[in-house]
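These notes are about the structure you will find just below.
Protein chains: 2
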Amino acid sequence: MTKPDDFDLQAFLPYLLNQAAEEASLGFQKVYKDRYGLLRSEWRVLFHLGIFGRLTATEIGAQGKVHKTKVSRAVQRLADRRLVKRARSEEDRRVEWLELTPAGEKVYRDLREVAQGYEGSLLAQLSEAEMQTLKGMLLKLAGRTN
Amino acid sequence: MTKPDDFDLQAFLPYLLNQAAEEASLGFQKVYKDRYGLLRSEWRVLFHLGIFGRLTATEIGAQGKVHKTKVSRAVQRLADRRLVKRARSEEDRRVEWLELTPAGEKVYRDLREVAQGYEGSLLAQLSEAEMQTLKGMLLKLAGRTN
DNA sequence: GCTTGTTAGTTACAAAAACAACTATTACCA
DNA sequence: TGGTAATAGTTGTTTTTGTAACTAACAAGC
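Sequences listed follow chains A and B, in order. Residues 225 to 370, numbered by the working numbering, are exactly what the first sequence covers, in order. Residues 225 to 370, numbered by the working numbering, are exactly what the second sequence covers, in order.
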C-alpha cells in the first residue's frame with residue numbers, strides 16, 4: 225500500500241458540492257444572522273411566505289423539503305418576533321394559515337435585495353452561459369427536474 | 225403587494241447548492257452510515273488518512289476546512305473503533321500522528337469503491353464535458369482555485 | 001532561567017438538528 | 001353511527017454541531 229493513493233477527494237461530487245454550498249451560504253448567512261438574528265430554517269420560511277403569500281406549514285415543508293418540526297419551530301420563532309401571523313383555518317381546524325406581518329414583509333424585502341446582490345457577486349466569476357449551465361445541472365442533481 | 229412575487233427561490237444559488245449537495249450526499253451517506261455507523265466528519269477523516277497516509281489532526285483540519293473540535297471528536301470515535309491509530313510525536317509532544325489501522329484501510333478501500341461507483345451514477349445524467357464544467361465552477365465557488 | 005505568546009489538541013457548555021411520540025381534528029368505511 | 005386510520009402541527013428527547021475556555025507543550029525575547 226503506497227500513499228498517497230489516487231482518489232481525488234476534492235473532486236468527489238458530494239464533497240465538492242458541500243464545500244461550494246457551505247462557502248456560498250456564508251456570505252448570505254452573515255446578513256440574515258447578524259442583521260435579524262434569523263436561522264437558516266427561519267429565512268427560508270420567511271422567503272416562502274414572502275414569495276407565495278399565504279401558506280400552511282405543511283405546504284412550506286413540502287415545497288422546501290423541510291421536516292415539519294423544523295418548520296413548526298421556525299414559525300414559532302418568527303411569530304414570537306411578530307414577523308409572521310398565524311390564523312387557524314375555519315374549514316379545517318387542524319390547519320393554520322401563515323402570512324407575513326408588515327414587519328415580516330419589510331425584513332423579507334430587505335433580505336431579498338441582499339440575496340439578489342449577493343448572488344450577483346457569487347456569479348460574477350462566471351459567464352452568463354456558465355451560470356445557466358451550472359443552475360441547470362444543479363437542478364438535475366437536486367432532483368427538481370427529470 | 226401582490227403575491228406571488230418574482231423572486232425565484234429555487235434558483236437562488238446558496239439555496240440551490242444546498243439542495244443539490246444534500247441530495248447528492250444522501251446515497252453515499254446511506255452506505256457509510258448503515259454499513260459502518262460513521263458520521264460525515266468521520267468518513268472525511270478516514271478518507272484523508274486513506275489518501276494521504278500519516279497526518280496530524282491539524283493537517284486534516286486545514287486540508288478539509290474542518291474545525292479542530294470536529295476533527296478531534298471524529299478521530300476519537302474512529303480510534304475507539306480501532307479504525308485509526310494515534311501516536312504521540314517524539315519531536316513535538318503536542319502533536320499526534322494519525323494513521324489508519326488495517327481495519328481502517330479495509331473500510332476506506334470499501335468506501336472508496338462505493339464512492340466511485342456512486343459518483344458515476346450521479347454523473348450519469350451529465351455528459352463528460354458538463355461534468356468538467358460543473359466541477360470547475362464548483363471549485364471556483366468553493367474558493368479552492370484563484 | 002523566566003515571562004509572554006503560540007500551537008496542538010481536548011473538554012465543557014450552549015445552540016441547533018434529527019427522530020420519535022404525542023394531541024387534536026378530520027376522513028373513511030363497515 | 002362508531003371505530004380505525006390519516007393528517008396538521010407540537011412537544012420531548014437524543015445527537016450533533018458550534019463556540020469558547022482550557023491543558024499541555026513548545027518558542028522567543030529579555
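Built from N, CA and C at the ideal position, the CB exists for glycine as well.
Below-8 Å beta-carbon distance, residue i vs any chain B residue
i                      : result
residue 263 of chain A : no
residue 356 of chain A : no
residue 362 of chain A : yes
residue 300 of chain A : no
residue 343 of chain A : yes
Assigned exposure category for residue i - 16 Cβ within 10 Å defines buried
i                      : result
residue 266 of chain A : buried
residue 247 of chain B : buried
residue 261 of chain A : exposed
residue 358 of chain B : buried
residue 244 of chain B : buried
residue 250 of chain A : exposed
Amino acids of chain A, ordered along the chain, whose beta-carbon sits closer than 9 Å to that of residue i
i                      : result
residue 270 of chain B : Here the premise fails: no neighbours, minimum Cβ distance about 11 Å.
residue 303 of chain B : Simply none; closest approach about 19 Å.
residue 284 of chain B : Here the premise fails: no neighbours, minimum Cβ distance about 11 Å.
Contacts that residue i makes with chain B (C-beta to C-beta distance below 8 Å)
i                      : result
residue 359 of chain A : 235, 237, 240
Closest by C-alpha distance to residue i, when choosing among the options
i                      : options                    : result
residue 367 of chain B : A/335, A/349, A/238, A/357 : A/349
residue 339 of chain A : A/239, A/324, A/254, A/308 : A/254
residue 360 of chain A : B/314, B/233, B/240        : B/240
residue 233 of chain A : B/259, B/289, B/229, B/244 : B/289
residue 279 of chain B : B/256, B/258, B/312        : B/312
residue 242 of chain B : A/259, A/264, A/330        : A/264
residue 237 of chain A : B/353, B/352, B/344, B/351 : B/344
residue 230 of chain A : B/277, B/314, B/353        : B/277
Listed by chain order, chain A residues near residue i by CB distance under 7 Å
i                      : result
residue 249 of chain B : 238, 242
Neighbourhood of residue i by C-beta distance below 6 Å, restricted to the same chain and skipping five residues each side
i                      : result
residue 370 of chain A : With a pLDDT of only 38 at residue 370 of chain A, under 50, the local geometry of the prediction cannot be trusted, and no value is derived from it.
residue 347 of chain B : 355
residue 342 of chain A : 251, 252
Under 9 Å from the C-beta of residue i: neighbouring residues of chain B
i                      : result
residue 334 of chain A : Neighbours of residue 334 of chain A on chain B: none; closest Cβ ~13 Å, over 9 Å.
residue 367 of chain A : 243, 244, 247
residue 348 of chain A : Result: empty, since nearest Cβ-Cβ is about 11 Å, beyond 9 Å.
Any C-beta of chain A under 8 Å from that of residue i
i                      : result
residue 229 of chain B : yes
residue 225 of chain B : With a pLDDT of 49 at residue 225 of chain B, under the threshold of 50, the modelled position of that residue is not reliable, and no figure is offered here.
Nonlocal neighbours in the same chain, by C-beta distance under 8 Å from residue i, ignoring five residues either side
i                      : result
residue 291 of chain A : 285
residue 281 of chain B : 292, 295, 296, 299, 320, 322
residue 308 of chain A : 269, 270, 273, 299, 302, 322, 323, 324, 325, 328
Cross-chain neighbours of residue i in chain A, by beta carbon under 8 Å
i                      : result
residue 274 of chain B : 229, 231
Cutoff 7 Å; reference residue i; Cβ partners in own chain excluding five residues on either side
i                      : result
residue 336 of chain B : 274
residue 256 of chain A : 262, 267, 335
residue 408 of chain B : Nothing about residue 408 of chain B can be reported from this structure: the residues present for chain B run from 225 to 370 only.
Chain B contact residues for residue i, given Cβ-Cβ distances below 7 Å
i                      : result
residue 339 of chain A : 236
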